[in-house]
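**Student:** Take this structure first; my questions come after.
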Amino acid sequence: MNNIKKTISYHDFSNNVKKLDAPFDIYKFDCQSMIPINEAFKLREVLLTMPFKKRTCDLYSFSQSSDFYRISNKNKPIEVQQLLEVLVQIKQKISTYLGQKFNNSISVSCSKYDIGDYLLCHDDRVDDRRVAFIYYLNYDWLSEWGGSLDIYSVDKHYNANSILQNIVPEFNAFLFFPVGNFTYHQVSENISKFPRITINGWFHCDNFAWSKHIQNKELTMSLKHIFLPIKVPKKDTHFTKRSIEKTYFERNFRKYIKEGFNTDGYGVCGQFFNSVALDGLSSALFSNNLKWEIKGPLNKMHYKVLNMNNLPEVIFNLVNMLRTEHMIQFFKDCTGLDFIGVNVEVQRWHGGHYMVSGGNDGYKNMHVFRVYIFFSHCIGTMNTDGEDDLYYVFEEHNAFYPKFKCTPQNNTMLLVNRFSNMEVYTKYCRKIDGHSWTVVVANYMIKDMFNCKIKLEKMHKL
1 MNNIKKTISY HDFSNNVKKL DAPFDIYKFD CQSMIPINEA FKLREVLLTM PFKKRTCDLY
61 SFSQSSDFYR ISNKNKPIEV QQLLEVLVQI KQKISTYLGQ KFNNSISVSC SKYDIGDYLL
121 CHDDRVDDRR VAFIYYLNYD WLSEWGGSLD IYSVDKHYNA NSILQNIVPE FNAFLFFPVG
181 NFTYHQVSEN ISKFPRITIN GWFHCDNFAW SKHIQNKELT MSLKHIFLPI KVPKKDTHFT
241 KRSIEKTYFE RNFRKYIKEG FNTDGYGVCG QFFNSVALDG LSSALFSNNL KWEIKGPLNK
301 MHYKVLNMNN LPEVIFNLVN MLRTEHMIQF FKDCTGLDFI GVNVEVQRWH GGHYMVSGGN
361 DGYKNMHVFR VYIFFSHCIG TMNTDGEDDL YYVFEEHNAF YPKFKCTPQN NTMLLVNRFS
421 NMEVYTKYCR KIDGHSWTVV VANYMIKDMF NCKIKLEKMH KL
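When we follow full-length UniProt numbering, the leftmost residue of the sequence shown carries the number 1, and every step to the right adds one.
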C-alpha cells in the first residue's frame with residue numbers, strides 16, 4: 001500500500017462524509033481520498049491469507065481474524081500495519097466531526113462471512129464502545145446476495161421493531177456510527193458463494209456512551225394466557241383417540257416414557273399421530289390460507305404464530321386437545337408431574353427465523369413442562385446427525401455445553417422438563433438450507449412450582 005495517503009485534512013474528510021437516511025446516525029466515508037482502489041484490492045488479497053477462527057453461537061456465525069493490535073509486527077502484513085496508521089487518522093477526524101472524545105483504545109479485526117453466515121440483531125452496547133466502524137472490501141456485491149447491514153426501528157419498549165434500511169456492501173467505503181441506546185442492526189445471511197470481507201471494530205471512550213438505565217423490556221408470560229384444563233367426558237374424547245397412535249394409550253409405554261424423562265429431563269416420542277390424523281393436521285397447518293403473524297421483538301426472536309382467537313377447526317381441535325384433562329393426565333403419567341394450566345402457541349419456522357438466548361421464551365426463572373409437536377415441511381433434508389440442523393438448544397445457566405439439543409422431525413413430540421435455571425433458544429434457520437416446519441408448543445404450569453411463584457409475586461407487591 002505504497003500509494004495510500006496517511007494524512008488528510010479535516011476539510012477533505014468532512015467533504016467525503018455522507019450522513020445516511022436511517023433511524024439512528026450512520027455516516028459513510030469514501031476512502032478513495034486516502035486509499036486508492038488498487039491498494040484496497042491488495043489489502044483484501046492479503047487479508048484472505050491471514051488465519052481466521054470460526055465463531056458461532058446463538059447470535060452469529062462468521063470467521064474472524066485476531067485483533068490487529070494483538071498481532072506482532074513480525075506476523076502482521078505491511079498492508080495491515082499501514083491500514084492501522086490510516087485508521088488512527090480517520091479516528092482523529094471522526095472525533096472532531098462527531099464532537100466525541102476517544103481514549104487510546106481501538107478494537108479492529110477482519111470478519112469473513114462465508115455462505116450461510118450471519119450476525120443477528122444487536123445494538124453493540126458493550127463496555128466502553130463509543131463508535132462502531134465497518135470498512136468494506138467487497139467489490140461488485142449484489143443486494144440479492146444478502147450480507148447487507150440492516151438497520152432497525154425501535155418500539156416503545158426499546159426493542160427492535162422492523163428493518164427500515166438495508167445497506168449493501170460497497171467496496172472501499174467506511175461506515176461509522178455512534179453506539180447508542182437504540183442502535184439495532186444486523187448482518188443479513190450471506191446466501192452467495194463469495195465471502196463477505198470487512199475490517200470492523202470500535203473506537204472506545206473512558207465513559208459509557210449510552211444510558212445504562214435504559215433497558216429493553218423483558219418478555220414474560222402473562223397469567224391471562226394460561227388456560228385451565230377443559231373437562232371432557234371420556235365418551236367425548238373421540239378426537240384424541242382417533243388421532244393418537246394406539247401405543248401411547250398403553251400404560252406400560254407411558255411408564256417407559258416416564259423412566260427416560262425422569263433420567264434425562266426430556267423425552268422424544270416419534271410417530272405420535274396416526275397417518276390419517278397426520279394427513280389432516282398437515283393439510284391444515286401448511287395451508288396457504290392461514291394468516292401468520294410475526295412474533296418479535298426482533299432483537300430477541302423472529303418467527304411466525306397463528307392468532308389463537310381465529311383458528312381453523314382442525315387446528316382448534318388440536319389446541320383444545322392439549323388443554324383437556326384427558327391429555328393433562330396423559331402427560332402426568334409420562335412425567336410424574338402435576339399441572340394446573342397450560343399455554344399453547346402454534347408456530348411457523350423457516351429461513352431467517354431465530355430465538356436468541358436470554359430468557360426470551362417468556363418463562364425466565366420459571367419451571368414448566370414443555371411439549372413440542374413438530375410438523376416438518378422441508379425443501380432441504382434435515383439430518384439428525386448434522387450439527388447445523390440441531391435447532392433447539394437447552395442448556396443450564398453458566399454451563400459450558402448444552403444439556404441437550406433437538407432436530408425438528410415430522411410427527412415427533414418432544415417433552416422437556418424446563419427447569420428455572422435452563423436457557424432455551426432456537427438457532428438461526430439458514431435460508432440456504434430450505435428448512436421449514438410448524439410446531440405446536442404447549443407450556444404446562446407445574447402445580448407446586450406455579451403456586452410458589454404466585455405467592456412470591458404477591459409478597460413482592462405488599
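Backbone N, C-alpha and C define an ideal beta-carbon position, used for all residues, glycine too. If you're wondering where the values come from, they're calculated on a predicted model, not measured in any experiment.
Across which residues does DSSP place Leu306 in a beta bridge pair?
**Tutor:** Counting from one through the sequence shown, the residue named residue 306 turns up at place 306. The partner list for Leu306 (beta bridge, DSSP) reads Trp292.
**Student:** Could you pull out every unbroken beta strand (DSSP E) segment of at least 3 residues lying fully inside the stretch 328-362, listed in chain order?
**Tutor:** Complete beta strand (DSSP E) runs here, min 3: 339-350.
**Student:** Run the CB neighbour count on Cys57, radius 10 Å, all protein chains shown included, and call it buried at 16 or more, exposed below.
**Tutor:** Within the sequence shown, the letter at position 57 stands for residue 57. Exposed: under 16 other Cβ atoms inside 10 Å.
**Student:** Identify the continuous beta strand (DSSP E) that holds Phe375 and give its terminal residues.
**Tutor:** Taking the first residue of the sequence shown as position 1, residue 375 is located at position 375. Note, Phe375: beta strand (DSSP E), 368-376.
**Student:** If I'm right that Val314 touches Ala284 with Cβ under 8 Å, what's the distance once you round it to whole angstroms?
**Tutor:** The residue labelled residue 314 in the question sits at position 314 within the sequence shown. The residue labelled residue 284 in the question sits at position 284 within the sequence shown. With 8 Å as the limit, Val314 and Ala284 qualify as a contact, their Cβ atoms being about 4 Å apart.
**Student:** Just the Cα atoms here: how many angstroms apart are Phe174 and Asp30?
**Tutor:** The residue labelled residue 174 in the question sits at position 174 within the sequence shown. The residue labelled residue 30 in the question sits at position 30 within the sequence shown. Taking the straight line joining both Cα atoms gives about 6 Å.
**Student:** Assuming contact is defined by CB atoms lying nearer than 8 Å, are Asn343 and Asn443 in contact in what I supplied?
**Tutor:** On the sequence shown, position 343 is the one that residue 343 refers to. On the sequence shown, position 443 is the one that residue 443 refers to. Cβ distance < 8 Å, so Asn343 and Asn443 count as in contact.
**Student:** In chain order, what residues of the same chain have a beta carbon less than 8 Å from the beta carbon of Asn161, not counting five sequence neighbours either side?
**Tutor:** Within the sequence shown, residue 161 is the residue found at index 161, counting from 1. Once the five neighbours on either side are set aside, the close Cβ partners of Asn161 are Tyr152, Ser153, Val154, Asp155, Gly296, Pro297, Leu298.
**Student:** Closest by CA to Val179, which one among Gly362, Val126, Ile230?
**Tutor:** Numbered from its first residue, the sequence shown carries residue 179 at position 179. It is Val126 whose Cα lies nearest to the Cα of Val179.
**Student:** For the beta strand (DSSP E) containing Thr7, list its first residue and its last residue.
**Tutor:** Stepping through the sequence shown from its first residue, residue 7 is reached at position 7. Element bounds for Thr7: n/a, residue is neither H nor E.
**Student:** Would you report the Cα separation of Asn421 and Ala399, rounded to the nearest angstrom?
**Tutor:** What you label residue 421 is simply residue 421 of the sequence shown in a count that begins at 1. What you label residue 399 is simply residue 399 of the sequence shown in a count that begins at 1. Their backbone Cα atoms lie some 10 Å apart in a straight line.
**Student:** Considering Phe176, what are the terminal residues of the beta strand (DSSP E) in which it resides?
**Tutor:** Residue 176 sits at position 176 when you count from the first residue of the sequence shown. Looking at the DSSP string, the run of the beta strand (DSSP E) that includes Phe176 is 173-178.
**Student:** Within 10 angstroms of the Cβ of Val80, are there 16 or more other Cβ atoms? Answer buried if so, exposed if not.
**Tutor:** Counting from one through the sequence shown, the residue named residue 80 turns up at place 80. Per the 10 Å Cβ criterion, buried.
**Student:** Just confirm the distance between the C-beta atoms of Asn190 and Tyr113, as a whole number of angstroms; I'd bet it's less than 8 Å.
**Tutor:** In the sequence shown, residue 190 corresponds to position 190, counting from 1. In the sequence shown, residue 113 corresponds to position 113, counting from 1. Contact flag correct, Cβ pair sits at about 5 Å.
**Student:** What residues match up with Gln186 in a beta bridge as DSSP calls it?
**Tutor:** Walking along the sequence shown from the start, residue 186 turns up at place 186. Note: Gln186 sits in a beta bridge opposite Asp150.
**Student:** Any idea if Gly146 is buried or exposed, counting beta-carbon neighbours within 10 angstroms, 16 or more meaning buried?
**Tutor:** Counting from 1 along the sequence shown, the entry for residue 146 is found at position 146. With 16 or more other Cβ atoms within 10 Å, it is buried.
**Student:** Since Phe24 is in the alpha helix (DSSP H), which residue starts that stretch and which ends it?
**Tutor:** As a position in the sequence shown, residue 24 is number 24, starting the count at 1. Run containing Phe24: none; DSSP gives neither H nor E here.
**Student:** Examine the Cβ distances between the stretch 190-202 and the stretch 99-115 and report whether three or more of them are shorter than 8 Å.
**Tutor:** Yes, they touch.
**Student:** Measure the alpha-carbon distance for Lys246 versus Cys334 and round it to whole angstroms.
**Tutor:** Reading the sequence shown from its first residue, position 246 is the one you call residue 246. Reading the sequence shown from its first residue, position 334 is the one you call residue 334. Distance between the alpha carbons of Lys246 and Cys334 is about 15 Å.
**Student:** How many Å lie between Ile8 and Asp124 at the Cα?
**Tutor:** By one-based count along the sequence shown, residue 8 stands at place 8. By one-based count along the sequence shown, residue 124 stands at place 124. Whole-angstrom Cα-Cα distance: 28 Å.
**Student:** From Ser148 to Ile446, what distance separates their C-alpha atoms?
**Tutor:** Within the sequence shown, the letter at position 148 stands for residue 148. Within the sequence shown, the letter at position 446 stands for residue 446. One C-alpha to the other measures close to 44 Å.
**Student:** If I follow the unbroken beta strand (DSSP E) through Arg196, where does it start and stop?
**Tutor:** Start at 1 with the first residue of the sequence shown, and residue 196 comes out as number 196. Counting along the chain, the beta strand (DSSP E) containing Arg196 begins and ends at 196-204.
**Student:** What's the call for Asp361, buried or exposed, on a 16-neighbour Cβ count within 10 Å?
**Tutor:** Position 361 of the sequence shown holds residue 361. Classification of Asp361: buried, given that the 10 Å Cβ count is 16 or more.
**Student:** Can you tell me which of the three DSSP states Asp279 falls into?
**Tutor:** Within the sequence shown, numbered from 1, the residue matching residue 279 stands at position 279. The answer is helix: DSSP assigns Asp279 an H, G or I state.
**Student:** Helix or strand or just coil, what does DSSP make of Ile230?
**Tutor:** Numbered from 1 along the sequence shown, position 230 holds the residue referred to as residue 230. Of the three classes helix, strand and coil, the one that applies to Ile230 here is strand, per DSSP.
**Student:** Give the range of the beta strand (DSSP E) segment to which Glu395 is assigned.
**Tutor:** Walking along the sequence shown from the start, residue 395 turns up at place 395. 392-396 is the span of the beta strand (DSSP E), which, as asked, contains Glu395.
**Student:** For Gly270 versus Ile257, is the C-beta spacing smaller than 8 Å?
**Tutor:** In the sequence shown, counting from the first residue as 1, residue 270 sits at position 270. In the sequence shown, counting from the first residue as 1, residue 257 sits at position 257. No, the Cβ-Cβ distance between Gly270 and Ile257 is not below 8 Å.
**Student:** Using only the alpha-carbon positions, how far apart do Phe68 and Ser188 sit?
**Tutor:** By 1-based counting over the sequence shown, the position of residue 68 is 68. By 1-based counting over the sequence shown, the position of residue 188 is 188. So the two alpha carbons sit approximately 25 Å from each other.
**Student:** State the Cα-Cα distance for the pair His326 and Val441, rounded to the nearest angstrom.
**Tutor:** Position 326 of the sequence shown, counted from the start, is the residue given in the question as residue 326. Position 441 of the sequence shown, counted from the start, is the residue given in the question as residue 441. One C-alpha to the other measures close to 18 Å.
**Student:** Would a C-beta distance cut-off of 8 Å place Val393 and Pro402 closer than the cut-off?
**Tutor:** Within the sequence shown, residue 393 is the residue found at index 393, counting from 1. Within the sequence shown, residue 402 is the residue found at index 402, counting from 1. Result yes, Cβ atoms of Val393 and Pro402 sit closer than 8 Å.
**Student:** Excluding the five sequence neighbours on either side, which residues of its own chain have a C-beta within less than 8 Å of the C-beta of Trp292, listed in chain order?
**Tutor:** As a working mapping, residue 292 is identified with position 292 in the sequence shown. The residues are Lys304, Val305, Leu306, Arg348.
**Student:** Less than 8 Å between the beta carbons of Gly358 and Lys427, yes or no?
**Tutor:** Your numbering for residue 358 matches position 358 in the sequence shown. Your numbering for residue 427 matches position 427 in the sequence shown. No, Cβ-Cβ distance for Gly358 and Lys427 is not below 8 Å.
**Student:** So is Pro77 buried or exposed if we call it buried at 16+ other beta carbons inside 10 Å?
**Tutor:** Position 77 of the sequence shown, counted from the start, is the residue given in the question as residue 77. Counting Cβ neighbours within 10 Å, Pro77 comes out buried, since at least 16 surround it.
**Student:** If you drop the 5 nearest sequence neighbours on each side, which residues of the same chain put their C-beta closer than 6 Å to that of Ile134?
**Tutor:** What you label residue 134 is simply residue 134 of the sequence shown in a count that begins at 1. Excluding residues within five positions, the ones whose Cβ falls inside 6 Å are Leu175, Thr198, Asn200.
**Student:** What are the start and end residues of the beta strand (DSSP E) that includes Arg129?
**Tutor:** Translated into the one-based positions of the sequence shown, residue 129 becomes position 129. Start and end: 129-136.
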